[in-house]
Structure formats: structure tokens, C-alpha cells
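Heads up, the thing below is written out as C-alpha cells.
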Amino acid sequence: MVNSRIGEQGRAKGPIDKAMEVLEALVEPGGPHRLGDLARRTGLTKPTVHRHLQTMAEFGFAQPVDGGRYQAGPRLLGLAAAALHDGRDLRLARPVLAELHRRTGRLAHYAVRHGDDAVHLELSDAPPEFRMGVPPGGRTPLHRSGVGLAMLGALPPEERDELLDGVPPEAWAAHPLDGPAAVRAVLHDAAEQGYAVDDGYGEPDVRSVAAPVLDRSGQVVGAVGISGLTFTLDPESVRLFGPMVRAAARSVSAGLGGPAPVLGVVDPAAGGGPGSWPGERG
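So the sequence shown is numbered by the UniProt record's numbering: it starts at 1 and just counts up by one.
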């Protein structure tokens, strides 16, 4: 049966919608992907998926490999690299992530929002004991990651409420936060601290600390965060590193014309110690 599901805007999916779904499934981790797997992930028939893959292959967006599998093509990879290279926020974030990783010893990452998902664009070097479960380009729901919670908390209240209230009830079943009210409580704490804490909401035994990046109009652009296993990023570490993450995000924001970084020293006696950030002002 041909896919006739209704799209996000309340309309039946057309050829372009289906092509975008195939393209999105094509670049998911674990490739190259078999035709049957792509059909299952998209909900489309095999002939439909095959037809789109053939068109994408002609334009260099898909590439067939041995065993009837497909992977991202050279033209798609080139366009992705060019887009990432030209992103001003990402250019500003990269040195900040490197500095966060150097100062904290934790994995630092940068994500942007797409709809109700956080898309992870850049990761620093990872410590030996931890590899992030979400690869570059991977997605997590906003309410299931530190960077997502940071961005969610920076949205206008009506937009945030619409997103939270739109999460299907079954999505809360296996979630440590059992509904919108619990997420709002976490976001309330994040607003007071200036950074959000993901206490194993996305990955068990993984804790994250993140803060939003804002542009000159105050709109959320993305989020900077650090992640680690709960025993390496314990509550004491969160209190130490949280202000650093907050100031790092504000450093990127300042480069975009947004709010400038402020002093983020945990212990006033520490002066320029581990809780401070280059360029902070009192």
C-alpha cells in the first residue's frame, strides 16, 4: 500500500516529502543501508524508495554499494561540509567546545533546533571512558537531552508549551520525566541557574549540562553542552562546570550579537580559576 500518512501540516505527503524522508533515513547511523531497512524506517513501499534512490544517485546524493545497500553520495557530503563550514554559529562554537573540553575533561558538543528535535552538529574529542550515543547529525527530542532542554527553556513560553503539550502520551512512558509538568520544573531550575541539567533523561547513566546560544534578537540559535557518565559528572562537578558552560554559550552568543558573557566563578576566591571563562566581565 502506498504511504498516505498525513504530514505535519495536515496534508497528504507528496513526492518531495517522501524524497526528504528517504534522504533523512539514508544518512542515519549504521549505513550503508539496505533498501528494505529504508522502506521500513520511512513507511514507504520498496518500489517508492528505490525510485527516489535512483534519482538521488543520478544527482550524486546517494551511492549504491555492494549487497544492494545505499549510502550518502559525494555531492550530498560536499554540500553538508560546505553548509557546516559556512555556519557562523558553528565557526564560533568550535573553539569554545575545544576550550570546554580542555578545561573540564568532558565531551563538549553543540546542537541546533529543528522542530521538536535537537540536531547535534559538532562534538569535541571524547574522553576514553565515554562516547556519546548520538553521532554528529543525530537527533534527540528536545525534552530528552541537555542541549534540547537548554533550547526549550529559551523559547517563548507559548511555543515551549505547545511543544511540550504536543509530545504523545506514550513518549513519556519510559521517560524519567513523566510529563510536561516535570519538564517545566526542570526548566524552572535551568532558568534560575542559566544552564539545564539532563540527569539521564536521554541516555541512562549519562549526565549533561547545557546552556542556550542566542542571537542579537534574543532568539535561540543553538546550545552548548558537556556530557559524561554520571560518576564523572557528579552533582559537585555540575555545580563547578555549570557556570563555565553558561559562560561558554554566552561567548558564542556575543559573537552573534547576543548577550555578552558574564562572570561565572563558582568560588569567588578562585579568581581566574576553573569556574571562569576567557573574556568574562563582572
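Note that CB positions come from ideal geometry on N, CA and C, so glycine has one too.
Outcome for residue i when other beta-carbon atoms lying within 10 angstroms are tallied against a minimum of 16
| i | result |
| --- | --- |
| Lys13 | buried |
| Gly36 | exposed |
| Glu24 | exposed |
| Phe241 | buried |
| Gly30 | exposed |
| Asp125 | exposed |
| Pro243 | buried |
| Ser217 | exposed |
| Lys18 | buried |
| Arg102 | exposed |
Per DSSP, the bridge partner or partners of residue i
| i | result |
| --- | --- |
| Glu122 | Tyr110 |
| Tyr201 | The partner list for Tyr201 (beta bridge, DSSP) is empty, contrary to what the question assumes. |
| His101 | According to DSSP, His101 bridges with nothing at all. |
| Asp117 | His114 and Pro141 |
| Gln71 | Gln63 |
| Ala93 | BP columns for Ala93 are empty, so no partner. |
| residue 292 | A query on residue 292 cannot be resolved here, the shown segment of the chain reaching from 1 to 282 and no further. |
Backbone secondary structure at residue i - three-state DSSP
| i | result |
| --- | --- |
| Leu256 | coil |
Exercise for the section: Let me know the alpha helix (DSSP H) ranges lying completely inside the stretch 127-197, each 4 residues or longer, listed in chain order. Expected result: Runs of the alpha helix (DSSP H) lying entirely within the stretch 127-197 and spanning at least 4 residues, in chain order: 146-153, 157-165 and 180-193.
Exercise for the section: Any chance you could list the beta strand (DSSP E) runs of at least 3 consecutive residues sitting entirely within the stretch 213-254, in chain order? Expected result: Within the stretch 213-254, the complete beta strand (DSSP E) runs of at least 3 residues fall at 220-229.
Practice task
Could you say if the stretch 249-259 and the stretch 229-238 meet the contact criterion of at least three C-beta pairs nearer than 8 Å?
Solution key: In short, these stretches do not touch, since the Cβ pair count stays below three.
Practice task
For the stretch 4-48, list the alpha helix (DSSP H) runs that are entirely contained and at least 4 residues long, ordered along the chain.
Solution key: Within the stretch 4-48, the complete alpha helix (DSSP H) runs of at least 4 residues fall at 15-26 and 35-42.
Practice task
Evaluate the contact criterion for the stretch 168-175 versus the stretch 121-136: three or more CB pairs, one atom per stretch, below 8 Å.
Solution key: Because the criterion of three Cβ pairs below 8 Å is not met, the stretch 168-175 and the stretch 121-136 do not touch.
Handout entry: the stretch 171-185 / the stretch 210-225 touching (three or more Cβ pairs under 8 Å)
Key = With the cut-off at 8 Å, the stretch 171-185 and the stretch 210-225 do not touch.
Problem - Three or more C-beta pairs below 8 Å linking the stretch 85-99 and the stretch 146-164 - result: In this structure the stretch 85-99 does not lie against the stretch 146-164, because fewer than three pairs of beta carbons, one per stretch, are closer than 8 Å.
Exercise for the section: Decide if the stretch 140-151 is in contact with the stretch 198-208; the criterion is three or more beta carbon pairs, one per stretch, under 8 Å apart. Expected result: Yes, they touch.
Problem - Cβ pair count under 8 Å reaching 3, the stretch 216-227 against the stretch 103-122 - result: With contact defined as three or more Cβ pairs closer than 8 Å, the stretch 216-227 and the stretch 103-122 are in contact.
Practice task
Spell out a yes or no on whether the stretch 14-22 and the stretch 38-50 are touching, meaning 3 or more CB-CB pairs, one atom from each, closer than 8 Å.
Solution key: At 8 Å Cβ cutoff, the stretches touch.
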